[in-house]
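S.K.:
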Amino acid sequence: MNIIGLLIYLAIGAVAGWLAGTLMKGGGFGLLGNIVVGIIGAVIGGFLFGLLGLSAGGLVGSIVTATVGAVVLLFLVGLIKKA
């Protein structure tokens, strides 16, 4: 992966983490937190979309996939925190 690919990957993670944070708790987690949540969300979203046989291509599809995964991640973390 070259530097441009890495920067795009981090930007997608940041946007997805911010979107998920906004949807789930009303705010983001700071730049680093958004990137971490977004990257983990991208892995979860890719796994879930694969199980469902869905494919989202391109930049927007990557952001959607990562955001869905990040929302699932934050939902599960919220359930664990309440227990």
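Per our numbering, the very first residue in the sequence shown carries number 24; after that it's consecutive. Ideal Cβ positions, reconstructed from N, Cα and C, are used throughout, including at glycine.
1. What are the boundary residues of the alpha helix (DSSP H) that residue 52 is part of?
2. Does the stretch 72 to 82 come close enough to the stretch 43 to 54 that 3 or more CB-CB pairs lie under 8 Å?
3. Which one of 56, 55, 54 and 43 has the shortest CA to CA distance from residue 68?
4. Could you check the C-alpha separation between residue 39 and residue 93 for me, to the nearest Å?
5. Looking only at its chain, what residues have a beta carbon closer than 7 Å to the beta carbon of residue 41, apart from the 5 residues adjacent to it on each side?
M.R.: Once the coordinates are examined:
1. Sequence index remark: in the sequence shown, residue 52 carries index 29 (1-based). First-last for residue 52: undefined, no H or E at that position.
2. no
3. Locating residue 68 in the sequence shown gives position 45, where the first residue counts as 1. Minimum Cα distance to residue 68 is reached at 43.
4. Within the sequence shown, numbered from 1, the residue matching residue 39 stands at position 16. Within the sequence shown, numbered from 1, the residue matching residue 93 stands at position 70. Each residue's alpha carbon lies about 7 Å from the other.
5. By one-based count along the sequence shown, residue 41 stands at place 18. Closer than 7 Å at the Cβ level, and outside the excluded window around residue 41, lie 51 and 57.
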